[in-house]
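J.: Every number in this note's numbering is 782 more than the matching position in the sequence shown, counting from 1. Every residue gets a Cβ at the ideal spot worked out from N, C-alpha and C, and that includes glycine. This is the structure I have questions about; it appears just below.
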Amino acid sequence: MKMRIPIFFLSLALLAAACTGGGQPSRGEEEKFTAEQQAAQQQAFQKMMDAHDVAMEKIIEMNRVARSLKPYLDSLDDKRKLEEVNIAITRLETADEAMMQWMANSPKLGKLRDTLQHDQIIALLKSEQENINKIGEEMTSSLENGQAVLAGIQEPQKED
Numbered sequence: 783m784k785m786r787i788p789i790f791f792l793s794l795a796l797l798a799a800a801c802t803g804g805g806q807p808s809r810g811e812e813e814k815f816t817a818e819q820q821a822a823q824q825q826a827f828q829k830m831m832d833a834h835d836v837a838m839e840k841i842i843e844m845n846r847v848a849r850s851l852k853p854y855l856d857s858l859d860d861k862r863k864l865e866e867v868n869i870a871i872t873r874l875e876t877a878d879e880a881m882m883q884w885m886a887n888s889p890k891l892g893k894l895r896d897t898l899q900h901d902q903i904i905a906l907l908k909s910e911q912e913n914i915n916k917i918g919e920e921m922t923s924s925l926e927n928g929q930a931v932l933a934g935i936q937e938p939q940k941e942d
């Protein structure tokens, strides 16, 4: 008889969990957003991440250019060229750091859905897409500048 009571309560608890979805939200709470809203959110999130992916493609080349420029900090006598190298390296490092900061703080769609309404999610994702686009533009600009500075330093050495 003692064995039946715990089994009875265990069975009752399992039955109650099964009826309520085992801790899952009830049918009325199941979806905070419609399928169309979820699709729009996913599309906005994907556009933001696509912009991120395009910008990230530049990271390796940016790091290569910065590493190539750094030895010139100790070997250049021309103060103007030395300043160009310093500025180019700083711009490359600043753009890289901006990307790292953005990635560390980038929104996660699941968390947004837990805390925001649909219109807020869409607005935030569009804003973040604009932010990552600006970072991407700065990465491109700093990379092109760094490459030009590097080429300008290396050309005179090739002529010697």
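Would you call Leu855 buried or exposed, if buried means 16 or more other Cβ atoms sit within 10 Å of its Cβ?
T.: Reading the sequence shown from its first residue, position 73 is the one you call residue 855. Exposed, by the Cβ-count rule.
J.: With three or more C-beta pairs closer than 8 Å as the rule, is the segment 861 to 876 touching the segment 884 to 900?
T.: no
J.: Using 8 Å for Cβ pairs, my map puts Leu891 next to Phe827. What's the rounded Cβ distance?
T.: Here residue 891 is taken as the residue at index 109 of the sequence shown, counted from 1. Here residue 827 is taken as the residue at index 45 of the sequence shown, counted from 1. The pair is a contact, with the Cβ atoms about 5 Å apart (cut-off 8 Å).
J.: Between which two residues does the alpha helix (DSSP H) holding Phe815 run?
T.: Residue 815 sits at position 33 when you count from the first residue of the sequence shown. Run containing Phe815: none; DSSP gives neither H nor E here.
J.: Would you report the Cα separation of Glu818 and Ser924, rounded to the nearest angstrom?
T.: Within the sequence shown, the letter at position 36 stands for residue 818. Within the sequence shown, the letter at position 142 stands for residue 924. Spanning the two alpha carbons is a distance of roughly 40 Å.
J.: By Cβ distance below 7 Å, which residues in the same chain neighbour Leu932 in space, the five residues on each side in sequence not counted?
T.: One-based indexing of the sequence shown puts residue 932 at position 150. If we look at Leu932 and ignore the five residues flanking it on each side, its Cβ neighbours are Val847, Ser850, Leu851.
J.: So is Glu813 buried or exposed if we call it buried at 16+ other beta carbons inside 10 Å?
T.: Counting from 1 along the sequence shown, the entry for residue 813 is found at position 31. Exposed, because fewer than 16 other Cβ atoms sit within 10 Å of the Cβ of Glu813.
J.: According to DSSP, is Glu950 helix, strand or coil?
T.: Examination of residue 950 is not possible in this model, given that the chain is present from 783 through 942 alone.
J.: Mind pulling the alpha helix (DSSP H) runs of 4 or more residues that sit fully within the segment 837 to 896?
T.: 841 to 851, 854 to 857, 861 to 887
J.: From this set, Glu919, Ile871, Ala905, which residue's C-alpha is nearest Gln929's C-alpha?
T.: Numbered from 1 along the sequence shown, position 147 holds the residue referred to as residue 929. If we check each option's Cα against that of Gln929, Ile871 comes out closest.
J.: Going by the CB atoms, is the gap between Ile904 and His834 shorter than 7 Å?
T.: Here residue 834 refers to the residue found at position 52 of the sequence shown. Here residue 904 refers to the residue found at position 122 of the sequence shown. It is not a contact, given that the beta carbons lie outside the stated cut-off.
J.: Would you identify the three-state DSSP class for Gln825, choosing helix, strand or coil?
T.: Here residue 825 refers to the residue found at position 43 of the sequence shown. Residue state, collapsed to three classes: helix.
J.: Would you mind giving the Cβ-Cβ distance between Ala877 and Met831, rounded to the nearest angstrom? I have them listed as a contact below 8 Å.
T.: As a working mapping, residue 877 is identified with position 95 in the sequence shown. As a working mapping, residue 831 is identified with position 49 in the sequence shown. Actually they do not touch by this definition, with Cβ atoms about 19 Å apart.
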